[in-house]
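Read left to right, the sequence shown gives residues 17 to 505 (the numbering used here).
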Amino acid sequence: MPIAPPPADAPSWNPQRPSRMPSHRYRPIWDRVPVPTPGADRGWPDRRVTRAPLWVPVDLRDGNQALAEPMDAPRKQRFFDLLVSLGFKEIEVGYPSASRSDFEFVRSLRDLPDDVTPVVFTPARADLVERTFESIADFPRAVVHLYTATAPVWRSVVLRRDRAEVTRMVRDAAGLMAKLAADTVRFQFSPEVFNLTEPDFVLDLCDGLTDLWDASPDRPVTHNLPATVEVATPNVYADQIEHLHRNLARRESVVLSVHPHNDRGTGVACAELAVLAGAQRVEGCLFGNGERTGNVDLVTLALNLHAQGVDPMVDFSDVDRARAVVEECNRLPVHPRHPYAGELVYTAFSGTHQDAIAKGFAEHARRAAELDVPEAQAPWSVPYLPIDPADVGRDYEAVIRVNSQSGRGGVAHLLRAHHGYDLPPALRADFAKVVQHFTDDTGREATPTDLLTLFRAEYVDAPIPDIAERHDHPEATYLRSTTGHWSVR
Numbered sequence: 017m018p019i020a021p022p023p024a025d026a027p028s029w030n031p032q033r034p035s036r037m038p039s040h041r042y043r044p045i046w047d048r049v050p051v052p053t054p055g056a057d058r059g060w061p062d063r064r065v066t067r068a069p070l071w072v073p074v075d076l077r078d079g080n081q082a083l084a085e086p087m088d089a090p091r092k093q094r095f096f097d098l099l100v101s102l103g104f105k106e107i108e109v110g111y112p113s114a115s116r117s118d119f120e121f122v123r124s125l126r127d128l129p130d131d132v133t134p135v136v137f138t139p140a141r142a143d144l145v146e147r148t149f150e151s152i153a154d155f156p157r158a159v160v161h162l163y164t165a166t167a168p169v170w171r172s173v174v175l176r177r178d179r180a181e182v183t184r185m186v187r188d189a190a191g192l193m194a195k196l197a198a199d200t201v202r203f204q205f206s207p208e209v210f211n212l213t214e215p216d217f218v219l220d221l222c223d224g225l226t227d228l229w230d231a232s233p234d235r236p237v238t239h240n241l242p243a244t245v246e247v248a249t250p251n252v253y254a255d256q257i258e259h260l261h262r263n264l265a266r267r268e269s270v271v272l273s274v275h276p277h278n279d280r281g282t283g284v285a286c287a288e289l290a291v292l293a294g295a296q297r298v299e300g301c302l303f304g305n306g307e308r309t310g311n312v313d314l315v316t317l318a319l320n321l322h323a324q325g326v327d328p329m330v331d332f333s334d335v336d337r338a339r340a341v342v343e344e345c346n347r348l349p350v351h352p353r354h355p356y357a358g359e360l361v362y363t364a365f366s367g368t369h370q371d372a373i374a375k376g377f378a379e380h381a382r383r384a385a386e387l388d389v390p391e392a393q394a395p396w397s398v399p400y401l402p403i404d405p406a407d408v409g410r411d412y413e414a415v416i417r418v419n420s421q422s423g424r425g426g427v428a429h430l431l432r433a434h435h436g437y438d439l440p441p442a443l444r445a446d447f448a449k450v451v452q453h454f455t456d457d458t459g460r461e462a463t464p465t466d467l468l469t470l471f472r473a474e475y476v477d478a479p480i481p482d483i484a485e486r487h488d489h490p491e492a493t494y495l496r497s498t499t500g501h502w503s504v505r
């Protein structure tokens, strides 16, 4: 319970008081590391995303290490097959020096599709680099991903090395990689905790490796800049990415990649702004699995592009199949309110929402007929539905459901869609009250079967005089046609 009065400079309309939480213990990012401040030179706010970046799922490595029960080989294979079927072309397949099971799974993937490149992950340590290259022996192609922590706190607390020592460690490992690699192997480097590392140090490390690995446009190096622990608003990450995008040497020979986490709940926004700022590649997991609050969610990112008219270049036209495989392999549920894929995300219970959606469907059908195109091809503009549920394999059965929050529009829509009863306005209002009593009394949803039962009890099985006495329209005559449709006059 707050104990202090409102701040002296608080406006009269805001009575919030200081909490008991020790917020003074934490420092903003600007007090921890230099942050680029481009000012008027900032370019990313004025840009638009017009093409998808290269998506790189890390479920089999980063996502897997965050599971209470890591995937066994059959689950990993099923997940890999899903990723290939969805259209991902670069897939991080494991950390082969971490365990025998990871090593053996990577070795099992030698028979790869011609256009899919596996990525393997290694720390900057000679014996682990060698073990990693052993796992990809005879692969037709691969990316070897080298990482080390670079942020000041990690250098002092975890590595106990200064900048010069970290640089030597990274360059020694990178030199060994260059000696071991065939021409079909490309290189990737992640300055771990990039977003809390001094920008000049990141540039020194990355430019040094671009030179050491002799990157070229035909064999580019990937520099991957992780927000390993999300610590600032997404615009700060965008400024950091734009600074690197503008200042990296041999930029045409570098694929600029990002790997946002979701500690602040803004991983998707960080990735989207990073792409505006110059990122060409995004690492993440399907449905946002990962350490702590997870990696950035590639499903949401891809379908956000789809909703803006940009082809995401991966196929979620059957998102429920993808969700089922991921839930089985991760043994974690996808939330019912998860964007685009959750069980309830296309469902409206509110009366005003239902009315708008029902009218939107009718208008969409009218526009499609006017354009002489199938409804599935007509431009989409339906209230409360950012995309057509059919685009991701959903039908319209659960778009409108009726509970105590619902109104006449939703009730009428379900009767028409499921039973062919097209109620006129007066009867819709009258029957909505009947349904409201039912949902209030039972405390549960009214199914289409319930609605039919209630409707028949009120208007079909009851004598006409009784109906007039029991409802708000005693002067109305209720007529039922031979097709079961009703009218009021």
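Just so it is clear, CB atoms sit at the ideal spot from N, CA and C, and this is done for glycine as well.
Let me know the secondary structure DSSP gives F96 once reduced to three states. helix
Through-space distance from N278 to P399, alpha-carbon basis: 29 Å
By the DSSP assignment, the beta strand (DSSP E) with F203 in it spans what residues? 201-208
Could you check if K92 is buried or exposed, using at least 16 other CB atoms within 10 Å of its CB as the buried criterion? buried
Compare the C-alpha of H380 against each of D404, S366, Q370, Y362 and name the closest. D404
Going by C-alpha distance, which of W229, S422, E343 is nearest K449? Of the candidates W229, S422, E343, the one whose C-alpha sits nearest the C-alpha of K449 is S422.
So does the stretch 72-85 actually touch the stretch 303-316, counting three or more Cβ pairs closer than 8 Å? yes
Can you list the beta strand (DSSP E) stretches of 3 or more residues lying completely in the stretch 90-162, in chain order? 106-110, 133-139
If you reduce the DSSP assignment to three classes, tell me which class P490 lands in. Residue placement at P490 is poorly supported in this model, since its pLDDT is 46, which falls under 50; the coordinates are not used for a value here.
In chain order, what are the residue ranges of uninterrupted alpha helix (DSSP H) at least 4 long that sit wholly in the stretch 240-309? Here the runs fully enclosed are 250-263, 283-292.
From the DSSP secondary-structure annotation, give me the bridge partner or partners of A364. I416
Coarse secondary structure for P168, derived from DSSP in three states: helix
Supposed close pair L162, A190 - CB separation, criterion 8 Å: 6 Å
Evaluate the contact criterion for the stretch 189-206 versus the stretch 239-248: three or more CB pairs, one atom per stretch, below 8 Å. They touch, by the three-pair rule.
Over the uninterrupted alpha helix (DSSP H) stretch that includes V72, give me the two end residues. Where V72 is concerned, there is no enclosing alpha helix (DSSP H), although the beta strand (DSSP E) it sits in stretches over 70-73.
Three-way DSSP call (helix, strand, coil) for T238 in this model: strand
Considering only residues of the stretch 329-380, which uninterrupted alpha helix (DSSP H) runs meet the minimum length of 4 residues and lie entirely inside it, listed in chain order? 335-346
Candidates T244, G304, T166: closest to V218 by CA position: T166
Is the separation between the beta-carbon of L292 and that of R147 shorter than 8 Å? With contacts defined by Cβ atoms closer than 8 Å, L292 and R147 do not form a contacting pair.
Cutting at 7 Å between CB atoms, please list the residues of its own chain near A384, excluding the five before and the five after it. P390, E391, A394
Run of the alpha helix (DSSP H) containing P215, from where it starts to where it stops: Segment 215-228, the alpha helix (DSSP H) holding P215.
What is the DSSP secondary structure of S35, reduced to helix, strand or coil? coil
Whose C-beta lies closer than 6 Å to the C-beta of S24 among residues of the same chain, with five residues either side of it excluded? In the sequence on display, residue 24 carries Ala and not Ser. Excluding residues up to 5 positions away in sequence, nothing lies with its Cβ nearer than 6 Å to the Cβ of A24 in the same chain.
Ends of the alpha helix (DSSP H) at M193? 179-196
Taking the alpha-carbon positions, what's the H261 to G294 distance? Their backbone Cα atoms lie some 6 Å apart in a straight line.
Going by C-alpha distance, which of V51, W71, M37, P86 is nearest L348? P86
Given a threshold of 16 other Cβ atoms within 10 Å of its Cβ, counted over all protein chains shown, does V342 qualify as buried or as exposed? Label assigned to V342: buried.
Identify the residues that DSSP records as bridge partners of N311: which are they? H277
Beta-ladder partner(s) of L401, from DSSP: V398
CA-CA distance, Y362 and A414? 7 Å
Starting from H435, trace the alpha helix (DSSP H) both ways and give me its first and last residue. 424-435
Whose CA, out of R141, L128, D143, lies closest to the CA of D154? L128
Residues near A445 in its chain [Cβ-Cβ closer than 7 Å; skip 5 each side]: These residues qualify, in order along the chain: R424.
A2, DSSP secondary structure in three states: Residue coverage of the chain in this structure runs from 17 to 505, which leaves residue 2 outside it and unanswerable.
Collapsed DSSP secondary structure at A462 in the structure displayed: strand
Neighbour-count burial assignment, E268, 16 or more Cβ in a 10 Å radius: exposed
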